[in-house]
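**Student:** Let me begin by handing over the structure; questions about it come next.
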Amino acid sequence: MMLLEKINLQRELEKYRKKDISEEDILEQVKYFLQAEEDKEREIMERIHQGGFSEGNGFDPNLLIPGKVFHISHIKNICVNYRLRFLDTKYFKAGFPPEALSEIKDLEKIHNTPLHGFQIVAPSKNFRLKNADDPLLFAPIGNGYYYLIHKWGNDLNPFRKILMWPLKNIENLLVFTVIFSFSLTFLLRAVFFSHYQATSEFIMLFLFSFKSMVGLMIFYGVALGKNFSSGIWNSKYFNG
Numbered sequence: 001m002m003l004l005e006k007i008n009l010q011r012e013l014e015k016y017r018k019k020d021i022s023e024e025d026i027l028e029q030v031k032y033f034l035q036a037e038e039d040k041e042r043e044i045m046e047r048i049h050q051g052g053f054s055e056g057n058g059f060d061p062n063l064l065i066p067g068k069v070f071h072i073s074h075i076k077n078i079c080v081n082y083r084l085r086f087l088d089t090k091y092f093k094a095g096f097p098p099e100a101l102s103e104i105k106d107l108e109k110i111h112n113t114p115l116h117g118f119q120i121v122a123p124s125k126n127f128r129l130k131n132a133d134d135p136l137l138f139a140p141i142g143n144g145y146y147y148l149i150h151k152w153g154n155d156l157n158p159f160r161k162i163l164m165w166p167l168k169n170i171e172n173l174l175v176f177t178v179i180f181s182f183s184l185t186f187l188l189r190a191v192f193f194s195h196y197q198a199t200s201e202f203i204m205l206f207l208f209s210f211k212s213m214v215g216l217m218i219f220y221g222v223a224l225g226k227n228f229s230s231g232i233w234n235s236k237y238f239n240g
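Under UniProt numbering, the first residue of the sequence shown is numbered 1, with each subsequent residue one higher.
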């Protein structure tokens, strides 16, 4: 009895391919496709690095994912609260992952339009250094709305919002300075001036602590060119 030969799926697949197209022709098609993809990615990167203002893109509103649409006011809030920047991608130095390019290519294919005016949310250092902490890549839709294309990098420190709270605006800094000076006064009196318990003495010590803190804040702000988060969230200048 003749035993039937087992079927090798790879050889069977090669037979079907041979009937349809030669190995040389299919290789040429693959090369053409890969070259076209490479050219497309290069062209997208040029648009990202060149930057430039764009009022909006030709998105099809019926194809947008609602959860990825944000107004400029929402973006401003997160930037001010976490001391982040919202700037043109041409200022971003940390680089873009392949996944971001794939997302852009998919969006352009779905909406049948090239995207322009890319903006990115990230800490200030990412616009100077080649590292990345939780960047968010956006494309403008129009009328103050932006579409979130991709998020990558490391998540922000959970305490960042608390640490950056005093730098949010002048009111927050004043409240922080008063609370810190008050706490410092209690500490100084408990450690060094425990025999001075009069209210007037406490007030004098508090005023000394408060003026010292204000002096340090002014020096820090002026000498290092720092500004409040509400004033720099969309500023292209690095000081801050």
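Even for Gly, the Cβ is constructed at its ideal location relative to N, Cα and C.
According to DSSP, which residues form a beta bridge with residue 256?
**Tutor:** Coverage of the chain is limited to positions 1 through 240, which leaves residue 256 absent and any answer about it impossible.
**Student:** DSSP on Ile218, reduced to helix/strand/coil?
**Tutor:** The count along the sequence shown starts at 1 and reaches residue 218 at position 218. In the structure shown, the three-state DSSP call for Ile218 is helix.
**Student:** Buried or exposed for Ile149, please, with buried defined as at least 16 other CB atoms from any protein chain shown within 10 angstroms of its CB.
**Tutor:** Translated into the one-based positions of the sequence shown, residue 149 becomes position 149. Burial call: buried.
**Student:** Under a three-way DSSP split, which group does Lys151 fall into?
**Tutor:** What you label residue 151 is simply residue 151 of the sequence shown in a count that begins at 1. Reduced to three states, the DSSP call for Lys151 is strand.
**Student:** Just list the residues that DSSP pairs Ile145 with in beta bridges.
**Tutor:** In the sequence shown, counting from the first residue as 1, residue 145 sits at position 145. The question names Ile, yet the displayed sequence has Tyr at residue 145. Paired residues: His71 and Gly142.
**Student:** Met213 to Ser181, Cα distance in whole Å?
**Tutor:** Reading the sequence shown from its first residue, position 213 is the one you call residue 213. Reading the sequence shown from its first residue, position 181 is the one you call residue 181. A direct Cα-Cα distance of roughly 7 Å separates Met213 from Ser181.
**Student:** Report buried or exposed for Met204, applying the criterion of at least 16 other Cβ atoms within 10 angstroms of its Cβ.
**Tutor:** Here residue 204 refers to the residue found at position 204 of the sequence shown. Result: exposed.
**Student:** For Cys79, which residues in the same chain have their Cβ closer than 8 Å to its Cβ, ignoring the five residues on either side in sequence?
**Tutor:** Here residue 79 corresponds to residue number 79 of the sequence shown, with the count starting at 1. So the qualifying residues of the chain are Arg85, Phe86, Val121, Ser229, Trp233 and Asn234.
**Student:** When the Cα atoms are used, what is the spatial distance from Phe192 to Lys236?
**Tutor:** Locating residue 192 in the sequence shown gives position 192, where the first residue counts as 1. Locating residue 236 in the sequence shown gives position 236, where the first residue counts as 1. Their Cα atoms are separated by approximately 47 Å.
**Student:** By DSSP, does residue 242 sit in helix, in strand, or in coil?
**Tutor:** It is not possible to answer for residue 242, since the shown part of the chain is limited to 1 through 240.
**Student:** Looking at C-beta atoms only, is the number of pairs between the region 90-104 and the region 64-72 that lie closer than 8 Å three or more?
**Tutor:** no
**Student:** To the nearest angstrom, how far is the alpha carbon of Lys151 from that of Leu137?
**Tutor:** Numbered from its first residue, the sequence shown carries residue 151 at position 151. Numbered from its first residue, the sequence shown carries residue 137 at position 137. Looking at the two C-alpha atoms, the distance is approximately 6 Å.
**Student:** Under 8 Å, do Thr185 and Phe206 count as touching if we go by C-beta distance?
**Tutor:** In the sequence shown, residue 185 corresponds to position 185, counting from 1. In the sequence shown, residue 206 corresponds to position 206, counting from 1. Contact: yes.
**Student:** Just to confirm my understanding: we take Phe210, look at its own chain, exclude 5 residues before and 5 after, and list those with CB closer than 8 Å. What are they?
**Tutor:** Within the sequence shown, residue 210 is the residue found at index 210, counting from 1. Excluding positions up to five away in sequence, the list reads Thr177, Val178 and Ser181.
**Student:** Go ahead and pull the three-state DSSP assignment for Phe228.
**Tutor:** What you label residue 228 is simply residue 228 of the sequence shown in a count that begins at 1. Note: Phe228 maps to coil in three-state DSSP.
**Student:** Please go through the same chain and pick out, in chain order, the residues whose beta-carbon is closer than 8 Å to the beta-carbon of Ile75, but skip the five residues on each side of it.
**Tutor:** Reading the sequence shown from its first residue, position 75 is the one you call residue 75. Correct list, in chain order: Phe86, Val121, Phe138 and Tyr146.
**Student:** Taking the alpha-carbon of Phe118 as reference, which of Leu64, Leu163, Glu108 and Thr89 has the nearest alpha-carbon?
**Tutor:** By 1-based counting over the sequence shown, the position of residue 118 is 118. The option with the nearest alpha carbon to Phe118 is Thr89.
**Student:** Is Ala94 helix, strand or coil by DSSP?
**Tutor:** Position 94 of the sequence shown, counted from the first residue, corresponds to residue 94. If DSSP states are grouped into helix, strand and coil, Ala94 belongs with coil.
**Student:** Using DSSP with H/G/I as helix, E/B as strand and the rest coil, what is Lys31?
**Tutor:** For the purposes of this step, residue 31 is taken as the residue at position 31 of the sequence shown. Correct three-state label for Lys31: helix.
**Student:** Quick one: is Ser94 buried, meaning 16 or more other Cβ sit within 10 Å of its Cβ, or exposed?
**Tutor:** Translated into positions along the sequence shown, residue 94 becomes position 94. The residue asked about is misnamed: residue 94 is Ala in this sequence, not Ser. By the 10 Å Cβ count, Ala94 comes out buried.
**Student:** Would you mind reading off the limits of the alpha helix (DSSP H) that contains Glu12?
**Tutor:** Residue 12 sits at position 12 when you count from the first residue of the sequence shown. Leu9 to Asp20 is the span of the alpha helix (DSSP H), which, as asked, contains Glu12.
**Student:** In whole angstroms, what is the alpha-carbon distance linking Glu28 and Gly52?
**Tutor:** Within the sequence shown, residue 28 is the residue found at index 28, counting from 1. Within the sequence shown, residue 52 is the residue found at index 52, counting from 1. Whole-angstrom Cα-Cα distance: 37 Å.
**Student:** Our contact map puts His116 next to Ser54 with C-beta atoms below 8 Å; I'd like the distance itself, whole angstroms only.
**Tutor:** Position 116 of the sequence shown, counted from the first residue, corresponds to residue 116. Position 54 of the sequence shown, counted from the first residue, corresponds to residue 54. Correct: roughly 4 Å between the Cβ atoms.
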